[in-house]
Every structure is written in structure tokens, then in C-alpha cells.
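When you line the sequence shown up against mature numbering (1 follows the signal peptide of the UniProt record, and there is no 0), it's residues -26 to -1, 1 to 249, in that order. Glycine included, C-beta positions come from ideal geometry on N, C-alpha and C. Keep in mind that this is a model prediction, so the values were computed, not measured. Below is one structure, written out as C-alpha cells; the observations come after it.
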Amino acid sequence: MKKLSIFPLVTTIFAMNAWMSPSSLAKNLTLNSGESSQSDRAAQLYYPPVSDRQGIQVFGQGQVRLPADKARLEFTFVRQTPPAPDSTLPLPIPKPITKDNLQPVVDAIATLGIPAKDIKVELDVTSIIPFSATKPKIIFEVDKPTRSRMETIVNQVKDAARDKAKVSVETVNVGYAIKDCQALTTAAYQAAVKDARLRAEAIASSLKVKLSDVPTVSESFFYDIVVPLCVTETGESLPLPLGYGDLRLLPPYNPNTPAEVQLRRDLFVTYPIKD
């Protein structure tokens, strides 16, 4: 029996979402009729119906940022393997990295104000990917992070690994969190509602009609599939596929990324037109 691959199904879902782009949704004007067609019913997945009255349907986006209260850093390490004297010979198998090997790196981190007791060294790391190789890891957290401080820390760890521990930093991952997500979430919803209202008013002005004060609102779920709602210092967030939103899965470090937590909310909004 031929196996059914889930990847094309996921790709199709995201393609549908990309097809229903915010710009095209914002420009869409639907006049409700007494009899709903198949396309009308499909559109209701995105826009909630109001009544049999004519309405303007728009897409509101709200994105807000706040400085992070905490950052979590994860470094993985590999041996510095010298080139083989004869290129035809296989490279020698590197010796395993021990905690003693990584101690100079831990000492360098401690000089930056991170207590040594809060610096975690993992040698046998359980990977979330089956049959994948794991590498030694150093994990620690930084309070009130800034972009410049994060860059200083990353550079010092790399220098200590190369010059003192004689190992190489293979990956650097960083995640940011805040103490309370409520204020950030509220601000994102408010921004999305305001954006939807501005779009609807622009369309209504072009059509020379007036909007009803109370709209019908539906929240988009597509953005939540790949981006967490909000992450607190404890790693708490809404449960999402593959553990997204958990501080254990951190994005790669980018020195140009601000030390902030950002949140985006998307809303489908239908405004009835006044008679």
C-alpha cells in the first residue's frame, strides 16, 4: 500500500493561507445575499458572517514588542580536528568532550556576572530528533538582556572555547522571555482591532458608505502554527505543534536581533454597512 505523506498536506494548508494574503483580504468587499453559495461558505472560515446585511470584511494585524526580562543561551561544542597529514587518509576520530574540557568556557562565562552554579553543562543530551547525533552543550540565562550584552557574551564564549578549551562553538541559540504576557497580548489585540478599523474606514470612504459601530470578529489561527503566542520566563505558553513556544527550542542567535519579545495577533473583522 502506498504511504500517504503528510508534507504535501501541510504545504497545501500553508499555500491556502498564502493565497488568502492580508492585502487581498483587506481589499475584499463581500455583499451578503439571502442564499449562500459554496464560495460564501468557504469564506466564512476566515470572516464571520454578520447578517443578511451588506458588510465590509477586512483583515487586522497587530504586532507589538517589549524588552525581554530574560534570555536563555545554548551553545553546542565540537572538537577542533586537525587536518590529516595525508589527504587520502581518513580523519582521526576526535576524543569525546568532557566537563573538564569545557571548564575554561564556564569560567569565562562566570566573569561576565553569571553565577557558576547557574551554568549548566550537558554532555549526554537527549535529542528531540530520532537517531540524530548530540553534542555537548552549555546552557545559562541572562537577566535584563540587551543586544550589546548578548553580543559580548557570545564573543567571549567563542574566544574561550577556541583559545583555552581547544574546542569550537558549533551552534548558538538564544530565546527571549518576559515575566507577564498579559500586557503584551492585550496590546497586540488592541493594535489588530485598530488596524482593522482603519482599513474598513478607508474602504467605506471609497464606497461612500458608513460603518456600523459593532463588528463581528474572528481570530486567525495560521500565525500560531509556527510562532508562539507569548513565552514567559518559566517557558509557559499555549501548547503548539512540535513544542513551539517552549524555551527548550530556541532560534539561532542573530546579533542584529533586538533583545525583545514580540507578539502578533491577526483578526478577521466584518463591519455591517449602515442603511
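- Going by DSSP, Q35 is part of the beta strand (DSSP E) stretching over G29 to P41.
- For A45 and V243, the gap between their C-alpha atoms comes out near 36 Å.
- Take K140, set aside five residues on each side of it, and the residues of its chain with a beta-carbon closer than 7 Å to its own are Q54, in chain order.
- Here P119 is buried. Its C-beta has 16 or more other C-beta atoms within 10 Å.
- In the three-state scheme derived from DSSP, where H, G and I count as helix and E and B as strand, Q54 is classed as coil.
- Segment contact: the segment 151 to 167 against the segment 89 to 96, fewer than three CB-CB distances shorter than 8 Å; contact not assigned.
- Following the DSSP letters along the chain, one finds Y163 inside the alpha helix (DSSP H) bounded by residues Q156 to L181.
- In the DSSP annotation of this structure, N147 is not part of any alpha helix (DSSP H); the continuous beta strand (DSSP E) holding it starts and ends at V141 to A151.
- Judged by DSSP in its simplified three-state form, K111 adopts strand.
- Taking C-alpha positions only, L86 is separated from Q236 by approximately 27 Å.
- Collapsing the DSSP output to three states places L185 in a strand.
- T126 and P226 do not touch by the CB rule: their CB atoms are close to 18 Å apart, not below 8 Å.
- DSSP, read as helix, strand or coil, puts K91 in helix.
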